[in-house]
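S.K.:
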Amino acid sequence: MSAPNDNLAKIIQDLNSKFKVNGKVEGTNRATIIVDKSQILEIANYLKQIGFDHVKAVTGIDYPETEEFEVVYHISSYSDLALAKVIVALREKTSYKDPVFPSLFKVWESVWTGERETYEMLGIVFEGHPELRRMFLDEDFEGVYPLRKSYKLKQEGVFVDKPA
Amino acid sequence: MTSQLEPSFGVEIIPVEGELNVGPQHPGSGHMRIYVKLNGDIIEDVDLDVGYVHRSVEKLSEVRNYMHLIPLIERPAILDSIHMNLGYIMAVEKILNVDVPERAQYLRTLVAEVNRIASHLYGMGILAIFLGHSTGFMWGFGDREVWVEILQAITGARVTNSYIIPGGVRRDLTPAIKEMIEKAIVYQRKKIQDWYKILVNNPNIRARLENVGVMSKENAIKWGAVGPNLRASGVYYDVRKIEPYGAYDKVDFEIPMYKEGDAYARTLVRFEEMEQSMRILEQVIKQIPDGNILSDRFFKQIPPVRLKKWWEGQRRVVFPGYYASFRPPKGEAISRVEAGRGELAYYIISDGSPKPYRLRMITPSYRLIYVFKELCKGARYADLVAIYGSLDYFPPEADR
């Protein structure tokens, strides 16, 4: 693996000292920033100012052991060629009891589809999203949110028993 | 309310507000219901009802082994399956920490570019039929056949190729396939000139596409557009140049770009990309080094008898037992490739079991949902299909 991107190391260092967050560089062009959901808007605004202009993916993850949800935003840049090589994961966690996050729509409009899908599949509410409603599932879908680990897939066996 | 547009017309125009359903059975909608709110013939807003072909790849990945996921992951975009395959395997390789031999990297680039041409031809065919240009549709699908035949010769399958495996590829190139590719390039170069005559420079098509669905550079960045649509709006971004994978850092090619950002520019970008892909193919055939097509780590595990029969006889890889249910170490990886329609990203979280804990698949069409919605606002109703076709949106790819 080649040496980490100096530019990225500096950005993460600045961010750590400025906002007291836990950010680290992982690999050549990858970094992770773990933030609290109360400060994510502030940090997102800062990241946008230094050139991160779009969100590639919004991922929701369910951790049933600790009863927590995690949301990961993968951000990068189109306009800045040096930053375009970089993908930064912005992660935040919350407990099952309070599955609410602030929406980043006001900072990056490109989260529109991702946040809407995460709401639908995991039941995480993004406060401030302009159109938070169902998109992919059937209109008459019932039951738990499908991407939660408590939703078990029914598996059909290869061999089917003969009716008696 | 009655108003008169121009006295000389003598036509009374009555502004009507209303809603229209386009699809999911409409020929111009694919598998998507577009709920259009109209004022006269100006679109005020659209509500995209996607999900008609949703097959829950992300949920199913929780109960499948890594290798068993390959055919499933290719399904969403059957016309661009090599790229779907490649992106996923690159993420798995990152978690496994495997090196890929040089020859396999070249072969990956080769099949990816063949698939890109096939994918663009498909997109152009669909755009042509949306605009009522049946010849374009038939040519698109006819020309695509040439490239699908090549994929079949290399991989053994026509659409879902499952060609790329962790650590390498499944089959080697033969002189007969090289000759096929060379012939196909000659054919396609000649045919692209005909395409320009019949479709691209056709005054009717130009009238339907020029200044339609204009996306400025700022909007393209803000809405998170991808692929040829992004480059038609003047943003220099192509994963093959930004973060080269395969053998893209060893071949010489250009990224076609336009400033206009309209439907016509998006069409031109695709045609010029086909030419660039053929340039890459020529270089790959010339430069491809000798060597193994599978990482030594896995190659050593193949039993000698099978090696003799399949590898030495037919230059095909048989799977060592390792692939059945390997357990990658704990960790996560994100990979990206430039698929036919744009950037494709996979995010895999591994918890040390033979199945991914969470797999996230971000396809180019998925990211175009919001772009399409925003582009339609303020357009004329008649231009809806032109915008839709020019984005090259493929519904199953967005639904996953």
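One line per chain: the protein sequences are A and B, in this order. Residue 96 in the numbering used here sits at position 96 of the first sequence, with consecutive numbering throughout. Residue 492 in the numbering used here sits at position 328 of the second sequence, with consecutive numbering throughout. Even glycine gets a Cβ: it sits at the ideal position worked out from N, Cα and C.
Along the chain, where does the beta strand (DSSP E) containing E142(A) start, and where does it finish?
M.R.: Premise fails: E142(A) is in no beta strand (DSSP E) and is neither H nor E.
S.K.: In chain A, what lies closer than 8 Å to V399(B) by C-beta?
M.R.: Against V399(B), the close residues of chain A are Y78 and S79, in the order they occur along the chain (beta-carbon pairs closer than 8 Å).
S.K.: Quick one, are the C-beta atoms of I224(A) and V21(A) less than 7 Å apart?
M.R.: In the structure as shown, chain A starts at 1 and stops at 164, and residue 224(A) therefore has no counterpart that could be examined.
S.K.: When DSSP builds the beta bridges, which residues end up paired with R91(A)?
M.R.: Paired residue(s): I34(A) and V72(A).
S.K.: Within 7 Å (strictly less), CB to CB, does K154(A) reach chain B?
M.R.: no
S.K.: Let me see if you follow: with CB-CB separation under 7 Å, is V227(B) close to chain A or not?
M.R.: yes
S.K.: Using the C-alpha atoms, what's the distance from K56(A) back to D80(A)?
M.R.: 15 Å
S.K.: Could you run through the stretch 447–464 of chain B and flag, in chain order, every residue whose CB is less than 9 Å away from some CB of chain A?
M.R.: none
S.K.: Candidates A429(B), Q451(B) and Y428(B): which alpha carbon is nearest D416(B)'s?
M.R.: Q451(B)
S.K.: Ordered along the chain, which non-local residues of its own chain (more than five positions away) have a Cβ less than 8 Å from that of E183(B)?
M.R.: Y199, V200, K201 and L202
S.K.: Might you give, ordered along the chain, the residues of its own chain that have their beta carbon closer than 6 Å to the beta carbon of L41(A), omitting 5 neighbours on each side?
M.R.: P102
S.K.: My understanding is that I356(B) touches M438(B), with C-beta atoms under 8 Å, so please give their C-beta distance in whole angstroms.
M.R.: 7 Å
S.K.: Identify, in the order they occur along the chain, each residue of the same chain with its Cβ nearer than 7 Å to the Cβ of F301(B), setting aside the five sequence neighbours on each side.
M.R.: Cβ neighbours of F301(B) within its own chain (closer than 7 Å, five residues either side excluded): G289, A292 and I293.
S.K.: Near I61(A), which residues of its chain fall below 6 Å by C-beta distance, leaving aside the five closest residues on each side in sequence?
M.R.: E70
S.K.: Quick check: E68(A) and K93(A), are their CB atoms within less than 7 Å of each other?
M.R.: yes
S.K.: Could you tell me which of A89(A), Y145(A) and F19(A) sits nearest to S499(B), measuring between CA atoms?
M.R.: A89(A)
S.K.: Kindly list the residues whose CB is nearer than 7 Å to the CB of M1(A), restricted to its own chain and excluding five residues on each side of it in sequence; keep chain order.
M.R.: Reliability of the predicted coordinates at M1(A) is poor, the pLDDT of 41 falling under 50, and no value is obtained from them.
S.K.: Where does V180(B) fall in DSSP's three states?
M.R.: Three-state result, V180(B): coil.
S.K.: Are the stretch 103–117 of chain A and the stretch 125–132 of chain A touching by the rule of at least three beta carbon pairs closer than 8 Å?
M.R.: Taking 8 Å as the limit for Cβ pairs, the verdict is that the stretch 125–132 of chain A does touch the stretch 103–117 of chain A.
S.K.: Below 9 Å on C-beta distance, what does S514(B) contact in chain A?
M.R.: Within chain A, no residue comes near S514(B); the closest Cβ sits about 12 Å away, beyond 9 Å.
S.K.: Mind the definition here: the stretch 526–545 of chain B touches the stretch 380–391 of chain B only if three or more C-beta pairs lie below 8 Å; say whether that holds.
M.R.: yes
S.K.: Check the Cβ of V214(B) against every Cβ in chain A and list those closer than 8 Å, keeping chain order.
M.R.: From the beta-carbon of V214(B), the residues of chain A found nearer than 8 Å are M135 and F136.
S.K.: Using a Cβ-Cβ cut-off of less than 7 Å, give me the residues of the stretch 376–391 of chain B that come near chain A, in sequence order.
M.R.: I385, K386, W387 and G388
S.K.: Could you check the C-alpha separation between K473(B) and Q316(B) for me, to the nearest Å?
M.R.: 22 Å
S.K.: Skipping 5 residues on each side, what residues in its chain have a beta carbon closer than 6 Å to that of P453(B)?
M.R.: E266 and R267
S.K.: Shorter than 7 Å from the beta carbon of R239(B) to some beta carbon of chain A?
M.R.: no
S.K.: For T166(B), decide whether its Cβ has a neighbour in chain A, counting only Cβ atoms nearer than 7 Å.
M.R.: In this prediction, T166(B) has a pLDDT of 48, which is less than 50 and means its spatial position is unreliable; nothing more can be read from the coordinates.
S.K.: Measuring straight from C-alpha to C-alpha, what distance separates N45(A) and Y96(A)?
M.R.: 27 Å
S.K.: Any residues in the stretch 468–499 of chain B with a beta carbon nearer than 8 Å to a beta carbon of chain A? Which ones, in chain order?
M.R.: Answer in chain order: I498.
S.K.: What residues in the stretch 18–33 of chain A bring their beta carbon closer than 8 Å to a beta carbon of chain B?
M.R.: N29 and R30
S.K.: Can you say whether P492(B) is buried or exposed, counting buried as having 16 or more other CB atoms within 10 angstroms of its CB?
M.R.: buried
S.K.: Any C-beta of chain A within less than 8 Å: which residues of the stretch 399–430 of chain B qualify?
M.R.: V399, Y400, Y401, I406 and E407
S.K.: Taking the C-alpha atoms as reference points, what is the distance between G542(B) and S441(B)?
M.R.: Taking the straight line from one Cα to the other gives about 35 Å.
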